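Peer 1:
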Amino acid sequence: MRPRRSRLITVWAALTALVMLTTGCAQVVNGKPSLGLAPNANLAVIGDAHTTFDTIVKNALSDVTSFWTTNYPKVANGAQLPAIKGGLFSISGDDVVRNGTISGRAADNGCLKGDHASDIVDNAFYCETDDSIVWDRSGDHLLSAIGQQAAAAGPLVVAMAFAHEFGHAIQARLGIFKQNLPTIDTESQADCAAGAWTAAVLKNEAAHFRATPATLAGALNAYLLVRDKTPTDSRSISHGNGFDRLSALNDGITHGVTFCYSSSYFSRQFTERPFVTDSDYAQNGNETLAEVLNPAVPTKTNDAGGLQPDLNRFWTAAAKTVNKTFQPVKIAEAAAPKCGSPAGAKFGYCPEDNTVYYDQAFAQQAYNSLQNLTVDPSTLAVTIQNNQPADYALGTLFAVGWGMAVRHQLFGEPIDGKAALLGAACYAGAYSKDINVAATDSTHKFTLSPPDMDEATSAMINLVSQDSAFGARGTQALDRVQAFVKGYNGGLSAC
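So the sequence shown is numbered by the working numbering: it starts at 4 and just counts up by one.
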């Protein structure tokens, strides 16, 4: 807040560390009865080290290929899926870092020849030059490291990454690369393709992978990690921020391959944007915790961030559009909300006194809740930093609290239960859209910084459902993020 290689990521763009652009509902669905997983796939891989990671990748590519064998005719006027011609390549990124070269048959890969060996380190990509798929299998490099971090969700995360890469192979077969589109467009479409495949997993239609609500939440968190680093200029935008990437992923889950590869897909809007001020860049877009928690109007004191007055500004104006009056909400520090929340809650809205209560320790935990990636400059080993500052993660909790106030004040609706949480999350999304502008103006004295949409997405996955906050109330991570983005893209009428 502030006043043509087609790759999974570009690692230097991921050093900071599903949801939908439509109003449709995606659910973790029950498909075919859960069956035992198939035996490991026996795919020919150049450089296969027969590690656990390589086995997961082979299983993923086997399932994704099967998926597209069935679905490719739907996007290719009935044509059958052409096989990958250039092969599959497993590369030891550690060896590349040590030696600077690739040896053996892998050195002939069309995208790794000459001085391009280092391109594979901390990466996986589809190579259009020779129609191949290549990955770095080293255990401390990007994909393997994220898979290990995701624990039970690790295999699914890795598989989703290769569903993304196969999405690029589909683009090559459909001639999409010849359109010379911005990189973010083709990367977003590949994320959508990964979501379409994930939907098959959720229905138990993949031979080697299963997903539960818990593993899907872990996978969403891991996918959020491979967001772009906030760019310094528009030329640095490549894959999209985490909000954009998960939006595309969920579009695939919700609507399937025909949506992902429709002619209208590239009309979508993205939220990733660069910093516009040096001060915002220096602070990585973050106010201090004290500023977030200070409800004063910033023009009256130097240590107020401005969030709470702006929430009241927005909802006062929104209420007038439906001929109603919104009473400004207050905030107060307390060990627990005075009303409106279950036992154990440390953050919540009390309708009796129109106040959002917060516990200081919980607020600090929410503020320091983001995960980022770091890369060792010598070995290129990837580690995950936990508990990083994220002012709008905490800000999103306040926005949800105000959403509860909207339900109570304007519509007389209950603030307990699943519908209340999803409705408040939707209202938080609508508010976030209003303030997600590049510069302040006469209406918007308070605006989001470029990283804030990722922080909001993380909050919807990880914070909102905590018992110390609003509780899950029967919702899943996908439900909450979906509701948030429904409000962001559809506005108040969508909620």
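Glycine included, C-beta positions come from ideal geometry on N, C-alpha and C. As the structure is a prediction and not an experimental result, all values here were calculated from the model.
#1: The ligand NAD and N112: does the residue's C-beta get closer than 8 Å to at least one heavy atom of that ligand?
#2: If you drop the 5 nearest sequence neighbours on each side, which residues of the same chain put their C-beta closer than 7 Å to that of M163?
#3: What first and last residue would you give for the beta strand (DSSP E) that runs through I507?
#4: Note down, in chain order, each residue of its chain lying with its Cβ closer than 8 Å to the Cβ of T235, except the 5 sequence neighbours on either side.
#5: For C353, which three-state DSSP category applies?
#6: Going by C-alpha to C-alpha distance, which of A120, T215, G170 and N492 sits closest to I87?
#7: Residue ranges of each alpha helix (DSSP H) run of no fewer than 4 residues wholly in the segment 352-431, ordered along the chain?
#8: Just the Cα atoms here: how many angstroms apart are R476 and D482?
#9: Exposed or buried, which one is R101 when buried takes at least 16 other CB atoms within 10 Å?
#10: Where do the N-terminal and C-terminal ends of the alpha helix (DSSP H) with A203 fall, by residue?
#11: Whose C-alpha, out of P85, D97, N80 and L91, is nearest the C-alpha of N45?
#12: Identify, in the order they occur along the chain, each residue of the same chain with its Cβ nearer than 8 Å to the Cβ of A441, setting aside the five sequence neighbours on each side.
#13: With a cut-off of 8 Å on the beta carbons, I'd call G113 and G50 a contact; round off their distance for me.
#14: Counting pairs of beta carbons, one from the segment 403-411 and one from the segment 346-356, are three or more of them closer than 8 Å?
#15: Considering only C-alpha positions, which residue in the set Q367, G347 and C342 is nearest to N357?
#16: Could you check the C-alpha separation between Q182 and C263 for me, to the nearest Å?
#17: Apart from the five residues just before and just after T2, which ones in its own chain have a Cβ nearer than 7 Å to its Cβ?
#18: Between which two residues does the beta strand (DSSP E) harbouring Y1 extend?
#19: If you reduce the DSSP assignment to three classes, tell me which class L115 lands in.
#20: Nearest-angstrom Cα distance between D231 and I387?
#21: What is the DSSP secondary structure of V137, reduced to helix, strand or coil?
#22: For K421 and S250, what's the separation of their Cα atoms in angstroms?
#23: Does T450 come out as helix, strand or coil in the three-state DSSP assignment?
#24: Please report how far the alpha carbon of V48 lies from the alpha carbon of G89, in whole angstroms.
#25: What residues match up with G90 in a beta bridge as DSSP calls it?
#26: Per DSSP, what kind of secondary structure is I173 in: helix, strand or coil?
#27: Pick helix, strand or coil for I105, following the three-state DSSP scheme.
#28: Report yes if the C-beta distance between P3 and N244 is below 9 Å; otherwise report no.
#29: Quick check on I49: does DSSP put it in helix, strand or coil?
#30: Taking 9 Å as the cut-off, decide whether the C-beta atoms of L383 and L228 are in contact.
#31: According to DSSP, is F212 helix, strand or coil?
#32: Smallest Cα separation from I240: which of A210, I187 and T257?
#33: Does the distance from the C-beta atom of S121 to that of V137 stay below 9 Å?
#34: Using C-beta distances below 6 Å, list every residue in its chain close to D143, excluding the 5 sequence neighbours before and after it, in chain order.
#35: I'd like the list of long-range same chain contacts for Y370, defined as Cβ closer than 6 Å, with 5 residues on each side in sequence excluded.
#36: Span of the alpha helix (DSSP H) holding F262?
Peer 2: Reading it off the structure:
#1: Absent from the structure shown: the ligand NAD. Ligands present: none.
#2: Within the same chain, and ignoring the five residues on either side of M163 in sequence, the residues whose Cβ sits closer than 7 Å to its Cβ are A197, T201, A222 and Y226.
#3: For residue 507 there is no data in the structure shown, the boundaries of the chain being 4 and 498.
#4: So the qualifying residues of the chain are P277, F278 and Y284.
#5: In this structure, C353 counts as strand in the three-state DSSP scheme.
#6: In terms of CA proximity to I87, G170 leads the group A120, T215, G170 and N492.
#7: Within the segment 352-431, the complete alpha helix (DSSP H) segments of 4 residues or longer fall at 363-370 and 394-414, listed in chain order.
#8: C-alpha separation (whole angstroms): 11 Å.
#9: That one is exposed.
#10: If you look at A203, you'll find it in the alpha helix (DSSP H) that goes T186 to L205.
#11: Nearest of P85, D97, N80 and L91 to N45, Cα basis: L91.
#12: Taken in chain order, the residues that qualify are R276, V279 and T450.
#13: Rounded, the Cβ-Cβ distance is 15 Å, inconsistent with contact.
#14: Counting Cβ pairs under 8 Å, three or more are found: they touch.
#15: Of the candidates Q367, G347 and C342, C342 places its Cα closest to the Cα of N357.
#16: For Q182 and C263, the gap between their C-alpha atoms comes out near 16 Å.
#17: The question about residue 2 has no answer, for the chain in this structure spans 4 to 498.
#18: This structure cannot settle anything about residue 1, because the visible part of the chain is limited to 4 through 498.
#19: Of the three classes helix, strand and coil, the one that applies to L115 here is coil, per DSSP.
#20: When rounded, the distance between both Cα atoms is 15 Å.
#21: Assigned with DSSP and collapsed to three states, V137 falls in strand.
#22: Each residue's alpha carbon lies about 22 Å from the other.
#23: Secondary structure at T450: strand, using DSSP grouped into helix, strand and coil.
#24: Between V48 and G89, the C-alpha separation is close to 11 Å.
#25: According to DSSP, G90 bridges with S135.
#26: Note: I173 maps to helix in three-state DSSP.
#27: Here DSSP, grouped into helix, strand and coil, assigns I105 to coil.
#28: Outside the shown range of the chain (4 to 498) lies residue 3, about which nothing can therefore be said.
#29: For I49, the secondary structure class from DSSP, reduced to helix, strand or coil, is strand.
#30: No, the pair does not count as a contact, with Cβ atoms beyond the cut-off.
#31: F212 falls in the coil class under three-state DSSP.
#32: If we check each option's Cα against that of I240, I187 comes out closest.
#33: It is not a contact, given that the beta carbons lie outside the stated cut-off.
#34: Setting aside the 5 residues that flank it on each side, D143 is surrounded in the same chain by A384, each with a C-beta closer than 6 Å to its C-beta; the list follows chain order.
#35: Here the set comprises L292 and L397.
#36: Per DSSP, the continuous alpha helix (DSSP H) segment holding F262 begins and ends at V260 to C263.
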